[in-house]
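> In this note's numbering, each residue's number is its place in the sequence shown (first place is 1) plus 118. Would you mind keeping the following structure in view while I ask a few things?
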Amino acid sequence: MNKDLITALVDNEIKDENIKKELNELISSDSQFRYEYDVQSLCKKLVREKVKKVKAPEYLREKILSEIKPKETIAIKKHNFLLNIFYKPAFTFATALVIIISIILIVVNRFDNSKPPEIDFSKLDSDNMLLQAVNNYNLILNGKLAPQYVSDNSKEICNFFSKNGVHYSTIVPEFKEWKLLGAVVSEDKGIKLAHHVYAGKNNQIIYVFQVDKDYVNKVIKIDSDLLEYIESGNCYSKEYSNNLIILTEIDHNIFAIIANDDFNYVKNNFCSLN
119 MNKDLITALV DNEIKDENIK KELNELISSD SQFRYEYDVQ SLCKKLVREK
169 VKKVKAPEYL REKILSEIKP KETIAIKKHN FLLNIFYKPA FTFATALVII
219 ISIILIVVNR FDNSKPPEID FSKLDSDNML LQAVNNYNLI LNGKLAPQYV
269 SDNSKEICNF FSKNGVHYST IVPEFKEWKL LGAVVSEDKG IKLAHHVYAG
319 KNNQIIYVFQ VDKDYVNKVI KIDSDLLEYI ESGNCYSKEY SNNLIILTEI
369 DHNIFAIIAN DDFNYVKNNF CSLN
């Protein structure tokens, strides 16, 4: 009796009662058949209970189909990885099924990483970078935080940071639409950190807080899901209290940007820098 018939038995595909009876007797008396039956039953149960049906985006579906679609002009290679899995005696159908499910889960997880994480600002700690940026921005708007150094030249501002104890390379981009106002150096846990500010033609304020990535979760906190999201090359943006918040990585620095200008315009300018 072929052990492959156990798959059909588990899937309730065998109609011949004599074959069913013979298989059940083998499962009861033969340890190898019993093991195969238990493994197949467990796999089917796991797939039924744990793997939820989620409709994939159309572009992801098309990409997967295009990758697995047979190429009529290309001969099947003798040592094809998937064929080896199914034909090697050491691999049962259950083993192959587990491998395939693992591959699917990896693909799904990679896709999920492209979705921005949900951040609850009411639950952020005081040493969280986003919360500090929001608080600093409000202080600027209320006239309670003024530049320590006034300049509209990016090189001069970078020199100011360096001369005042900021021990990492800073990036101060210049924009035609916004004029540099100046900069501030703050201190957290004995480490000097860089901040600079722009102003728009209609009194818009754009505030930038940047830290070296090596300081994250040592000097200042960033939510782990959010950090993973931006380290994957994404630019996080969110509307909060009628302002736009951006978190992005540029070179080796993490930037938190708060602005009250046109959201799409600000996002396009800063997110294109990463």
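C-beta: ideal position from N, C-alpha, C; glycine also. Predicted model only: the values in this text are computed from it and were never measured.
Just to confirm before moving on: does the CB-CB distance between Tyr325 and Gly300 stay below 7 Å?
As a working mapping, residue 325 is identified with position 207 in the sequence shown. As a working mapping, residue 300 is identified with position 182 in the sequence shown. No, these two residues do not count as a Cβ contact at 7 Å.
> Just to confirm before moving on: does the CB-CB distance between Ile338 and Glu367 stay below 7 Å?
Along the sequence shown, read from residue 1 onward, the residue named residue 338 stands at position 220. Along the sequence shown, read from residue 1 onward, the residue named residue 367 stands at position 249. Contact: no.
> What's the C-alpha gap between Asp230 and Leu365?
Mapped onto the sequence shown, residue 230 falls at position 112. Mapped onto the sequence shown, residue 365 falls at position 247. With a pLDDT of 45 at Asp230, under the threshold of 50, the modelled position of this residue cannot be trusted; read the value that follows with caution. Spanning the two alpha carbons is a distance of roughly 19 Å.
> Measuring only the C-alpha atoms, how far is Ser149 from Glu236?
For the purposes of this step, residue 149 is identified with residue 31 of the sequence shown, where counting begins at 1. For the purposes of this step, residue 236 is identified with residue 118 of the sequence shown, where counting begins at 1. Roughly 50 Å separates the two Cα atoms.
> Return helix, strand or coil for Glu367, following the three-state DSSP convention.
Indexing the sequence shown from 1 puts residue 367 at position 249. Three-state DSSP puts Glu367 in a strand.
> Tell me whether Asn361 sits in a helix, a strand or coil according to DSSP, three-state version.
Start at 1 with the first residue of the sequence shown, and residue 361 comes out as number 243. Reduced to three states, the DSSP call for Asn361 is strand.
> Residues in its own chain within less than 6 Å of Phe381 by CB, not counting five upstream and five downstream?
Against the sequence shown, residue 381 aligns to sequence position 263. For Phe381, where only same-chain residues beyond five positions count, the Cβ hits under 6 Å are Leu362.
> In or out: Asp341 buried (at least 16 other Cβ within 10 Å) or exposed?
Reading the sequence shown from its first residue, position 223 is the one you call residue 341. Burial call: buried.
> Rounded to a whole number of angstroms, what is the C-alpha to C-alpha distance between Ser244 and Ser355?
In the sequence shown, residue 244 corresponds to position 126, counting from 1. In the sequence shown, residue 355 corresponds to position 237, counting from 1. Cα to Cα, the separation comes out at about 20 Å.
> Which of the three DSSP states, helix, strand or coil, is assigned to Ala251?
Within the sequence shown, residue 251 is the residue found at index 133, counting from 1. Looking at Ala251 - three-state DSSP - the assignment turns out to be helix.
> What is the DSSP secondary structure of Asp322, counted as helix, strand or coil?
Here residue 322 refers to the residue found at position 204 of the sequence shown. It is worth fixing the name first, because residue 322 is Gln in this sequence and not Asp. Reduced to three states, the DSSP call for Gln322 is coil.
> Are Asp369 and Gly318 closer than 7 Å when you measure CB to CB?
Stepping through the sequence shown from its first residue, residue 369 is reached at position 251. Stepping through the sequence shown from its first residue, residue 318 is reached at position 200. No. Outside cutoff.
> Would the stretch 241 to 260 count as touching the stretch 272 to 286 if we require 3 or more Cβ pairs under 8 Å?
Cβ pair count under 8 Å is below three, so no.
> Which same chain residues end up closer than 6 Å to Trp296 when comparing Cβ atoms and leaving out the 5 residues on each side of it in sequence?
By one-based count along the sequence shown, residue 296 stands at place 178. Tyr316, Gly318 and Ile324, listed in sequence order.
> If Val284 sits next to Leu311, beta carbons under 8 Å apart, how far is it from one beta carbon to the other, in whole angstroms?
As a first step, residue 284 must be located in the sequence shown, where it is residue number 166. As a first step, residue 311 must be located in the sequence shown, where it is residue number 193. Yes, they are in contact, since the Cβ atoms of Val284 and Leu311 sit about 7 Å apart, within 8 Å.
> Assign Glu305 to one of three DSSP states: helix, strand, or coil.
Walking along the sequence shown from the start, residue 305 turns up at place 187. If DSSP states are grouped into helix, strand and coil, Glu305 belongs with the strands.
> Could you check the C-alpha separation between Ala126 and Asn360 for me, to the nearest Å?
Position 8 of the sequence shown, counted from the start, is the residue given in the question as residue 126. Position 242 of the sequence shown, counted from the start, is the residue given in the question as residue 360. Spanning the two alpha carbons is a distance of roughly 60 Å.
> Taking just the CA atoms, how far does Lys262 sit from Lys336?
Numbered from its first residue, the sequence shown carries residue 336 at position 218. Numbered from its first residue, the sequence shown carries residue 262 at position 144. Roughly 28 Å between the two C-alpha positions.
> From Pro234 to Asn142, what distance separates their C-alpha atoms?
By 1-based counting over the sequence shown, the position of residue 234 is 116. By 1-based counting over the sequence shown, the position of residue 142 is 24. Whole-angstrom Cα-Cα distance: 51 Å.
> If you run the structure through DSSP and keep just helix, strand and coil, what is Lys336?
Working through the sequence shown from its first residue, we reach residue 336 at position 218. In the structure shown, Lys336 sits in coil (DSSP, three-state: anything other than H, G, I, E or B).
> Which residue from Tyr333, Met247 and Ser146 puts its Cα closest to that of Gly308?
Sequence index remark: in the sequence shown, residue 308 carries index 190 (1-based). Taking only the C-alpha atoms, the option nearest Gly308 is Tyr333.
> Rounded to whole angstroms, what's the CA-CA distance from Gly351 to Asn253? Just pull it up for me.
Taking the sequence shown and counting its residues from 1, the one referred to as residue 351 is at position 233. Taking the sequence shown and counting its residues from 1, the one referred to as residue 253 is at position 135. So the alpha carbons of these two residues sit roughly 26 Å apart.
> Between Tyr286 and the rest of its own chain, which residues show a CB-CB distance below 6 Å, the 5 nearest in sequence each way excluded?
Here residue 286 is taken as the residue at index 168 of the sequence shown, counted from 1. Asp330.
> Nearest to Glu274 by CA position, among His314, Lys133 and Asn321, is which residue?
For this step, residue 274 is matched to residue 156 along the sequence shown. Nearest option by C-alpha distance: His314.
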